[in-house]
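Just below is one structure, and these are the notes that go with it.
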Amino acid sequence: MKLAVSQQSLSKASAKQQQWSKGVLFPVNFLPQSTERLVLRRFADLDLDNFFSYRQDYQVARFQSWSMLPYSEAQSFIKEMQKAVMGIPGEWFQIAIAHKQSNLLLGDIGIQIYTENPAIVEIGFTLAREEQGKGYAQEAVQALVCSIFELGYISQIVGITDMRNEPSINLLRRLGMNLVRSDEAEFKGELCIEQTFELRREDWLLHKAG
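For the sequence shown, position 169 matches number 169 in our numbering, and the numbering has no gaps at all.
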């Protein structure tokens with residue numbers, strides 16, 4: 001059976017192409033998003049103390065690409081994220097994970113679109129130590145993964161972690177990601193093995209349909 005392409009479909013495709021040509025790959029209404037217990041949103045001034053607290057925690061920072069930072073830099077970072085454009089290839093954008101009822105910050109998710117292939121997004125996630133073990137990270141990241149793939153033009157999501165970071169590896173596997181590569185690396189002065197996990201949109205669609 002031959003299918004006709006509607007004018008509406010052509011308009012949507014044209015809008016996506018214009019969005020890509022401008023180098024911004026996420027719609028302005030992508031945030032905020034809500035899950036059962038959480039809100040994914042931009043950072044706000046009220047997040048400063050909680051953000052500074054978990055970014056000063058050595059146990060939280062150990063396997064993260066960022067280092068502990070002074071209060072003034074935490075303040076500047078939040079101000080920067082409040083006005084940053086989400087979806088510029090090559091630039092990390094941090095999404096706040098907040099409790100739905102209290103709106104208090106629990107952690108954040110970083111996303112970066114690859115410059116060399118704008119159909120690939122890398123993600124990273126951080127949760128305050130006292131909020132770990134409650135399922136918040138999976139709830140937040142799973143919602144974000146679904147929203148990214150539902151855009152229609154992201155084909156792959158990547159997560160990279162130290163092989164010693166078992167909680168992170170377990171979460172990536174629960175999200176349906178597959179280990180595709182292990183590389184020797186030096187990280188914060190230590191030799192380690194970095195593991196790259198990926199989830200392709202077609203696999204996500206099959207899992208969703210099943």
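Just so you know, even glycine gets a beta-carbon here, dropped at the ideal spot from N, CA and C.
Could you check if residue i is buried or exposed, using at least 16 other CB atoms within 10 Å of its CB as the buried criterion?
i    : result
L25  : buried
K22  : Confidence at K22 is low in this model, with a pLDDT of 49, below 50, so the placement of that residue is unreliable and no value is reported for it.
R226 : In the structure displayed, the chain extends from 1 to 210; residue 226 sits before or after that span and is not available.
D45  : exposed
G87  : buried
Q94  : buried
With residue i and residue j assumed to form a contact (beta carbons below 8 Å), what rounded beta-carbon distance in angstroms separates them?
i    : j    : result
H207 : G159 : That pair is no contact at about 16 Å.
A128 : L144 : Rounded, the Cβ-Cβ distance is 18 Å, inconsistent with contact.
A119 : Y153 : 7 Å
E198 : D162 : About 17 Å separates the two Cβ atoms, so there is no contact after all.
V121 : I111 : 6 Å
R200 : S147 : The Cβ separation is near 16 Å, so there is no contact.
What residues are listed by DSSP as bridge partners for residue i?
i    : result
R200 : Q156
H99  : L38
A185 : C192
N178 : E198
V121 : I113, I157
F52  : DSSP, once it has assigned bridges, lists no residue as partnering F52.
Q33  : L40
L105 : A98
F93  : I111
D162 : E194
L127 : G107
Grab me the residues of residue i's own chain with a C-beta within less than 8 Å of its C-beta, minus the 5 sequence neighbours each way, in chain order.
i    : result
T196 : V158, G159, I160, L179, V180, R181, S182, D183
L171 : F125, A137, Q138, V141
P32  : V39, L40, R41, R42
In its own chain, which residues sit with a C-beta less than 6 Å from the C-beta of residue i, not counting the 5 before and 5 after it?
i    : result
F52  : Y71, A74
T35  : E139, A143
S168 : T161
Ordered along the chain, which non-local residues of its own chain (more than five positions away) have a Cβ less than 7 Å from that of residue i?
i   : result
A98 : L38, V39, R41, L104, L105, L106
Per the contact definition of three or more C-beta pairs closer than 8 Å, is the stretch 45 to 63 in contact with the stretch 111 to 120? The way I'd put it, the stretch 111 to 120 doesn't touch the stretch 45 to 63; fewer than three beta-carbon pairs between them come closer than 8 Å.
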